[in-house]
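In this note's numbering, the protein residues as written are 33 to 182.
Just so you know, even glycine gets a beta-carbon here, dropped at the ideal spot from N, CA and C.
The structure displayed is predicted, hence computed values, not measured ones.
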C-alpha cells in the first residue's frame with residue numbers, strides 16, 4: 033500500500049502553485065499580445081465625455097499628462113474609460129512603468145466608470161502610465177501618457 037506522507041502532500045501543493053503561476057503568466061502574455069495586436073488607441077480623444085464611435089476612449093487622466101508632481105501629492109493613478117452608451121466597460125487595467133497594478137473599476141455599472149491603482153513609492157524621474165479598457169463587445173481602447181515625479 034502506497035503512503036502519502038507530508039512530503040508528497042507538499043510536492044502536490046508546490047506543483048499546483050507552479051501550474052497556477054504559469055497559467056497567470058500565460059494569461060498576461062495573451063492579454064499583452066491581444067492589446068498590441070488590436071492596436072489600442074494612444075491618443076486622448078477630443079470628444080472626451082461624449083459617446084465614442086468605436087471602442088472605449090480614455091480621459092480624465094490622473095495625474096494629468098506631462099504633469100510634474102511631488103510624490104507625497106500622488107497616491108493613485110488612473111483615468112475614465114468610456115464606452116458606447118449601450119455597452120459597458122467589461123475590464124480595465126492600469127500599468128505604471130510597464131507593470132500591471134492592482135486596480136478595479138469604480139462607479140456605476142454602466143458608463144462611464146473610473147479605474148485607478150495605487151502609485152506606491154516611485155523614484156524622482158519620468159514615469160509612464162497606460163490605461164487599457166475592453167468593453168462588453170470585446171472592443172479595445174486605451175491611452176498612455178507620462179508624468180514626472182519629484
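Which stretch, first to last residue, makes up the beta strand (DSSP E) that contains residue i?
i	result
residue 174	172–181
residue 131	131–133
residue 160	158–167
residue 150	146–150
residue 102	Here residue 102 belongs to no beta strand (DSSP E), and DSSP marks it neither H nor E.
residue 125	121–128
Count the other CB atoms, across all protein chains shown, that sit within 10 Å of the CB of residue i; report buried if there are 16 or more and exposed otherwise.
i	result
residue 152	exposed
residue 114	buried
residue 96	exposed
residue 181	buried
residue 89	buried
residue 135	buried
residue 110	buried
residue 20	Limits of the chain in this structure are 33 at one end and 182 at the other, which puts residue 20 out of reach.
residue 125	buried
Which one or two residues does DSSP pair with residue i in a beta bridge?
i	result
residue 113	90
residue 136	148
Nearest CA to the CA of residue i: which residue from the options?
i	options	result
residue 123	159, 146, 157 and 177	146
residue 131	119, 176, 106 and 85	176
residue 87	180, 166 and 179	166
residue 118	89, 139, 92 and 168	168
residue 137	149, 91, 104 and 116	149
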